[in-house]
Amino acid sequence: MNFAAPPPDRGTIAEAEVAASVGLGLLPGVGPRTIRRWLDAAGSAEAVWQMLPGLLGARADRDEVLAAWRSADPGTVVGTARAKGMAVIAFADPAYPSRLRAIPDPPPALYVRGRLDEAAAVAIVGSRRATPYGRAAAERLAYDLALAGVTVVSGLARGIDGAAHQAALEAGGRTVGVLGCGVDVVYPREHRRLAAAVAASGALVSEFSPGTPPLPGHFPRRNRLISGLALGVVVVEGTEDSGALVTVEYALDQGREVFAVPGSIFSPRSRAPHALLREGARVVERVEDIVHELGLQTARPRAVDIAPGDEARLLALLEAGPRQVDDLVEASGLPAPRIAALITTLEVRGLVRTLPGQMVMQTPRGVRR
Amino acid sequence: MLASILSATLVGLEALPVSVEVDIGPGLPSFAIVGLPDAAVQEARERVRAAIRNSDFAMPPRRTVVNLAPGDRRKEGPAFDLPIALAVLVATGQLRPDVVRGYLALGELALDGSLRPTPGTIAVAQAAGAIGARGLMVPEPNAREAAVVEEVPVYGCTTLRAAVEHLAGSRPLAPLRAAAGQPPPDPAAPEDLVEVRGQAAARRALEIAAAGGLNLLLVGPPGVGKTMLARRLPTILPPLQRAEALEVTTIYSVAGLLPAYSGLLWRRPFRAPHHTATASALIGGGAGSRPGEVTLAHHGVLFLDELPEFRHDALEALRQPLEDGVVSVARAAGTVRHPARFALIGAMNPCPCGFRGDPRRECTCTPAQVQRYLARLSGPLLDRIDLHVEVPRPAAIEVLTGPGGEPSQAVRARVVAARARAAVREGRALARAPRGPARWGLVEPEALAFLRAASDRLGLGARAMERTLRVARVIADLDAAEAVGSAHVAEALQYRVLDRARAPALDTLC
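Chains A and B, in that order, give the protein sequences.
Here my numbering is used: the first residue of the first sequence is 87, the next is one more, and so on.
Here my numbering is used: the first residue of the second sequence is 1456, the next is one more, and so on.
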């Protein structure tokens, strides 16, 4: 795969420090919060690594951790990661994202495919099973954020995450995917191509070493990086037990702004954003609601180049959200064959998309502004 | 004494004349049938003996031998009861030999001497007409179907005695004349498209399928009306021609599915075999030359609901009839070819749980499960399905309460007109160049450019593009357009949904 990965950054910090940081990330049962405390106390990962028996004190799992410490070979892990085209960024590395460095539980080392930077970033998260409405909302916000030069951070999952990454890419913007597995393990599989495109435009990031499988326990942890890398988190859709709410808890813990996109009161997918709105999250209707709150600038979106006529009429009907073909036939008064032809024409121009259930939605590019 | 009379046995959908010879001679009383009779023919012995006695004729206790010639053909079914009985009566002097000469007779006898309906009578009537028979004696319930064949006088008999009395001239029957060779003025169909609300795309796809003789796949959650739509395809297909009606009637008669007292079947058949059907149930064969579902659907519609649930070998067996319009059934006695020119309508759920894209229920399938489900339709079968369209559950309740759609009659008028235009266009193209893409007619350069752009954007393969063009051609015919234009191609692309589901797009559809 041809990822536009920078040459692994060596020389800024000592290899021993990188290896020690990676090693700390491999210790079972030792959380990032503890490691952070030790790093502050000892000054470097290398020091922590060497003083580990003393730092562990009388912990119940002391023997296990020490066994892992003795058998760990962090240098090999670093070599493997680099051989696979990843950069390994230690906590002490100046390239370590400063926003992430400021959270209470930063990973001691990050594995990155692509390039991380300090540009303004906003996370868009939500249900893996998105409704057409949620998908359209995520796409529009991600597209407009990307046009405004804001990096879109998400988790590369199905549904809202995938829609957000993809729309950012379509806008020619930067997007960062945070994974709950090794950067070389792409999950879900059908996002392989999407993952490659994300790495080429921005970065794929994980705190898990290469080859780590996507275990269920990894995803809540991964969420703290999503909010940690961003200035704010936008929740598009989710049920009461949605993982998006985990991300929001981290965001609040990290002092990030929380935004929620209102939805239908009939949809169970609206429960999470509505609960957040009830608790004081910012309402998002358009990208300005996000960027102004964060003190950022909006960019003027390109206007859709579309002549008045039936195509424009159909697009206007889709302004209010995705609609079924029958609904469009009825609302437009145009014959069904004409509607079918118009949909294809607009699809080919990238202005609408069809979803299962004969649902037609505007792509962000098709929105008239 | 020796006697003989003509009858016929069925070979596939055709009847082969059979000479029924009876010899009654000295010896111990016995009754033997030779000439490759099957079990049902063998049992004629008992029925014939009882029927003769119970019709107040004499069944002498002599040595009776029945020979069915030609002797190398297997004889099937109970249709030989009546000719055997008549020949026995001639051989025993109860009927003059000259009165039966030139007659064909068939029919199953009941023990009391009455005649029961017998399958394949119309096929026998055609054979009788072909050999110039003097008359055809058939069970009365089958007389109307046989009378469709005008080349032979048909006499419907209720009993053996009635048949004998007619032949003897003591109580002659009037030959039954077919009422008319024309279809009834309005064969009022029980279904009509007017009853289908909404589903604009599926209705349109149905119209295109009817106009182009194309096959169609309906994809949608359970209970949205896929079966309802499919049942209405026959109502928008052009009315059957007489020759077609004759073929359909013959098939149903041979299959024993023609109702008693039925004349020609003027309505296009609609067959909906269950998804547990075996390959031989679909294509025919097995014991006897029973037509399979594909043949029963000849000139009509074969509807396969839950298409991916059908057995793989059963679906594979559909390839030949879909390609050639005939099906060859290999049997011990040789291969029988049955006609099988039908419109295929398949129906399936959009995913294993059935609720993908459903606005009211949540789909619980992973994208991988959906892909696996769609992959169950074999490529070769899918290649022969020209149109695939979604039949979604309506999100808005108004669709359910709104006005019905256009009636079938109006759609059928457009279908008939489009077919006529296509026939003229193809005739011209064939005269110019008998082969090659000329049969597509003209395609505007912009339409081709659009198709290329669309296939890039939507990720279509070469085959999908060709199929799209084929659908676009039919749309152009419906539109009375000489050349296929961009709008026709654009519309056609909406009826190829599976091309997209399979396209390795960047985004997933779930």
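Built from N, CA and C at the ideal position, the CB exists for glycine as well.
As the structure is a prediction and not an experimental result, all values here were calculated from the model.
Using a Cβ-Cβ cut-off of 8 Å, state whether residue i counts as contacting chain A.
i, result
"P1814 of chain B", "yes"
"L1913 of chain B", "yes"
"E1861 of chain B", "no"
"R1811 of chain B", "yes"
"E1921 of chain B", "no"
"Q1824 of chain B", "no"
"R1925 of chain B", "no"
"L1948 of chain B", "yes"
"A1908 of chain B", "yes"
"A1802 of chain B", "no"
"E1845 of chain B", "yes"
"R1942 of chain B", "For clarity, residue 1942 of chain B is Ala in the given sequence; the question names Arg instead. Closer than 8 Å to some Cβ of chain A, the Cβ of A1942 of chain B qualifies, so yes."
"E1937 of chain B", "no"
"P1805 of chain B", "yes"
"P1849 of chain B", "yes"
"E1899 of chain B", "no"
"A1945 of chain B", "yes"
"E1817 of chain B", "yes"
In its own chain, which residues sit with a C-beta less than 8 Å from the C-beta of residue i, not counting the 5 before and 5 after it?
i, result
"T1573 of chain B", "G1532, P1533, A1534, L1561, G1562, E1563, V1593, P1594, N1597"
"I1691 of chain B", "L1648, L1661, E1662, A1665, S1863, V1866, R1867, V1870"
"A1623 of chain B", "L1550, R1551, V1554"
What is the DSSP secondary structure of residue i, counted as helix, strand or coil?
i, result
"L1454 of chain B", "In the structure as shown, chain B begins at 1456 and stops at 1965. Residue 1454 of chain B is therefore absent and cannot be evaluated."
"E326 of chain A", "coil"
"Q1497 of chain B", "helix"
"V1674 of chain B", "strand"
"T1459 of chain B", "Here residue 1459 of chain B is Ser; the residue named in the question, Thr, does not match the sequence. If DSSP states are grouped into helix, strand and coil, S1459 of chain B belongs with the strands."
"M447 of chain A", "strand"
"A91 of chain A", "Confidence is the limiting factor: at A91 of chain A the pLDDT is only 43, short of 50, which leaves the residue's position unreliable, though a coordinate-based value still follows. A91 of chain A falls in the coil class under three-state DSSP."
"Q1581 of chain B", "helix"
"K170 of chain A", "coil"
"H1966 of chain B", "Beyond the ends of chain B as shown, which are 1456 and 1965, falls residue 1966 of chain B; an answer cannot be given."
"S1735 of chain B", "helix"
"T217 of chain A", "coil"
"N1804 of chain B", "coil"
"A106 of chain A", "helix"
"V1870 of chain B", "helix"
"G1940 of chain B", "coil"
"I1691 of chain B", "coil"
"G1532 of chain B", "coil"
Give a yes or no on whether the minimum CB-CB distance between residue i and chain B is below 8 Å.
i, result
"I429 of chain A", "yes"
"A106 of chain A", "no"
"V411 of chain A", "yes"
"Q444 of chain A", "yes"
"P299 of chain A", "no"
"V434 of chain A", "yes"
"A422 of chain A", "yes"
"A426 of chain A", "yes"
Report all residues from its chain with a CB closer than 6 Å to the CB of residue i; omit the five preceding and five following residues, and keep chain order.
i, result
"P354 of chain A", "T325"
"A1546 of chain B", "M1456, A1458, V1477, I1479"
"V264 of chain A", "G241, V291, R308, L311, I312"
"V239 of chain A", "A207, A209, V262, I312, L315, A316"
"R1816 of chain B", "F1810"
"D147 of chain A", "G115"
"V1604 of chain B", "A1580, Q1581, G1584"
In chain C, what lies closer than 9 Å to residue i by C-beta?
i, result
"V415 of chain A", "As a matter of chain content, chain C is missing from the structure shown, whose protein chains are A and B."
Between residue i and the rest of its own chain, which residues show a CB-CB distance below 7 Å, the 5 nearest in sequence each way excluded?
i, result
"R215 of chain A", "G245"
Legend entry - Cβ-based contacts, 8 Å cut-off: residues of the stretch 1642-1666 of chain B near chain A: G1653, Q1654, A1655, A1656, R1658, R1659
Legend entry - Touch test, the stretch 1644-1662 of chain B against the stretch 1814-1831 of chain B, Cβ-Cβ under 8 Å, three pairs minimum: no
Legend entry - Given 8 Å, three or more beta-carbon pairs between the stretch 253-260 of chain A and the stretch 156-172 of chain A: no
Inset, instruction - With 8 Å as the limit, tell me which residues of the stretch 209-239 of chain A have their beta carbon closer than that to any beta carbon of chain B; keep them in chain order. - result: R215
Legend entry - Segment contact flag, the stretch 135-155 of chain A with the stretch 192-200 of chain A, C-beta cutoff 8 Å, min 3 pairs: no
Inset, instruction - Determine contact between the stretch 1936-1952 of chain B and the stretch 1839-1852 of chain B, defined as no fewer than three beta-carbon pairs at a distance below 8 Å. - result: yes
Legend entry - Inter-stretch contact (C-beta, 8 Å, three-pair minimum) for the stretch 1733-1749 of chain B and the stretch 1791-1811 of chain B: yes
Inset, instruction - Report the residues of the stretch 271-283 of chain A with a CB closer than 8 Å to any CB of chain B, ordered along the chain. - result: P274, R275, E276, H277, R279, L280, A283
Legend entry - At least three beta-carbon pairs within less than 8 Å, the stretch 1681-1689 of chain B to the stretch 1720-1729 of chain B: yes
Legend entry - Three-pair Cβ contact test at 8 Å for the stretch 145-162 of chain A versus the stretch 105-117 of chain A: yes
Inset, instruction - Determine contact between the stretch 1511-1527 of chain B and the stretch 1479-1492 of chain B, defined as no fewer than three beta-carbon pairs at a distance below 8 Å. - result: yes
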